[in-house]
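Take a look at the structure below.
Chains as they are written, first to last, in the working numbering: chain V, 1 to 148; chain X, 1001 to 1463.
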């Protein structure tokens, strides 16, 4: 009896499926990050810190989370989202990027869970599901700056 | 021997200190009241004639005004009289109760003013008597249930040179005054007012009864002009005593029409009927149309009073112009200002404090949670399917009046009356001015009875 194994060829549908997820998550993260710099129609660092201060004090005021933690998170989230989004779009260290993106969305969800904002949690839950799906399909990653 | 604070207290010291302390405790309420610091010269002595529902409302409002001392209360019904007496005594007044106002006017000689809250058919008699006795008068609306009665009040005020304020209290309401003086006259935010729509919708209410054993003998009621206890308690519904719901409710709002426009109507046509209640003489629903001449052109106005339903938005006066509209009510929840899409922006009026962006209710932005970014744009406009008719114009934008009234609604009008006595401040609703309203209201009833359009001559409004 022959034990020859037939080598499997990657199906292009999986490649395109992952590509679509990668682009969607990448664009979503970049724009979500940029939006945090917008205030009254213009983009600036001043606007960013005003928006993030409001977010931090709002979450702390409505939950058990201490102000130092929400401020720390809020101060960095815009930059984190933009960085991860660009990395995902260009395909740089995609597995790691997806992992950190997923952790970022979990952290954001935690803040909304703390203030019982169910709609926001569900919305971010969809993002987490897409990241998880991406991690399952990441082996089919093509058209990327780096492998892995 | 050295002094020590622990040295024993003598019996004399103890009695002396206790007596002083007791005197202080007994005087404390008077000291506290005296802290109002009302100069004796500012104190006004007042009597109340008519201690029923409206009398109580006015009393409660007047009690919040410093320097008003109630010296007498008058009512033909002992039940009402005792209630008023007890209410005032709780606040430190000592009013003498009377059944007959003539006796009161003869005996209480140091009165400055009289507040009259009796049924409309008695307003002329009580007002003229009080004016001729040398007292200033605040008389509830409607001025009188007849034009002749209203005229006699104006003439008596002129003759005696005493002040006569009629209880159209919206004229002193700071929200209404802001609407007239700043929104309409100064800012011209409504543009040219072309139409007014006013209404008072009220649900079915039972007739008033009276506590067991508290009825007035019919002979005495007859003596004072009432047929029986049912009519005495429900006088507003009977033609002998009052002018019906247009007078009872509509008078306030139609007065605002006249006041806001600075004009009196040239015509009215009205319809009404006793369609529902079985125990009333006056119609329970009535609708009237008026024409008002103004410098900018005719203003066509409607007013409806419905006493069998509260559907359709309560009570308000709605002034509609070509650039904006003002829906205003004594109840702030029925008040809103609107800008037509074609009108210039109102940002400068917001900056000047004439209008305010709404923070709640219609026109208010959706609530933003504390952690959410302010001013997040929501994309999309009305769906194509939501445009029902291509002839629809752009929606109005809603705004608020940035003035609130944090007092009882009659208090500013009473304050204006008392200030006029003390300081010579102009009255916000003189007898002459209210006479025009009375003529307007009473013509509505004539039109309903005649079943046709009636006209006014300018001289009709002059007493």
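All residues carry an ideal CB built from backbone N, CA and C; glycine is no exception.
Everything numeric in this text was worked out from a predicted model, so none of it was measured.
| Asked | Found |
| --- | --- |
| Residue 1330(X) in three-state terms, based on DSSP | coil |
| Segment contact flag, the region 64-79 of chain V with the region 111-122 of chain V, C-beta cutoff 8 Å, min 3 pairs | yes |
| Candidates 1183(X), 1320(X), 1121(X), 1180(X): closest to residue 1153(X) by CA position | 1121(X) |
| Sequence-distant residues of its chain with Cβ nearer than 8 Å to residue 17(V) (five each side left out) | 137, 140 |
| From 99(V), 124(V), 89(V), residue whose alpha carbon lies closest to that of residue 145(V) | 89(V) |
| Three-state secondary structure assigned by DSSP to residue 50(V) | helix |
| Interface flag, residue 1365(X) vs chain V, CB-CB below 8 Å | no |
| Partner residues on chain X for residue 40(V), Cβ-Cβ distance less than 8 Å | 1375 |
| Any C-beta of chain X under 8 Å from that of residue 106(V) | no |
| Neighbour flag for residue 20(V) against chain X, beta carbons, 8 Å | no |
| Neighbourhood of residue 1079(X) by C-beta distance below 6 Å, restricted to the same chain and skipping five residues each side | 1214 |
| Distance CB(residue 98(V))-CB(residue 61(V)) smaller than 8 Å | no |
| Touch test, the region 80-95 of chain V against the region 1346-1363 of chain X, Cβ-Cβ under 8 Å, three pairs minimum | no |
| Residue burial classification, residue 1199(X) (beta-carbon count within 10 angstroms, cutoff 16) | buried |
| Own chain residues within Cβ distance below 8 Å of residue 1044(X), not counting five before or after | 1067, 1068, 1069, 1112, 1113, 1418, 1421, 1422 |
| Contact belief for residue 1196(X) with residue 1319(X) at Cβ below 8 Å, rounded distance in angstroms | 5 Å |
| For residue 42(V) and residue 50(V), believed in contact at Cβ under 8 Å, the rounded distance | At roughly 12 Å, the Cβ-Cβ gap does not stay under 8 Å, so residue 50(V) and residue 42(V) are not in contact. |
| Distance, residue 1397(X) Cα to residue 81(V) Cα | 38 Å |
| Closest by C-alpha distance to residue 1101(X), when choosing among 1424(X), 1090(X), 1123(X) | 1123(X) |
| Spatial distance of residue 1016(X) from residue 1010(X) (CA atoms) | 10 Å |
| Three or more C-beta pairs below 8 Å linking the region 1358-1369 of chain X and the region 1127-1135 of chain X | no |
| Under 7 Å by beta carbon: chain X residues contacting residue 59(V) | 1371 |
| Strand pairing of residue 1252(X), partner residues [DSSP] | The partner list for residue 1252(X) (beta bridge, DSSP) is empty, contrary to what the question assumes. |
| Buried or exposed (CB count within 10 angstroms, at least 16 for buried), residue 1435(X) | buried |
| Distance, residue 1128(X) Cα to residue 1157(X) Cα | 8 Å |
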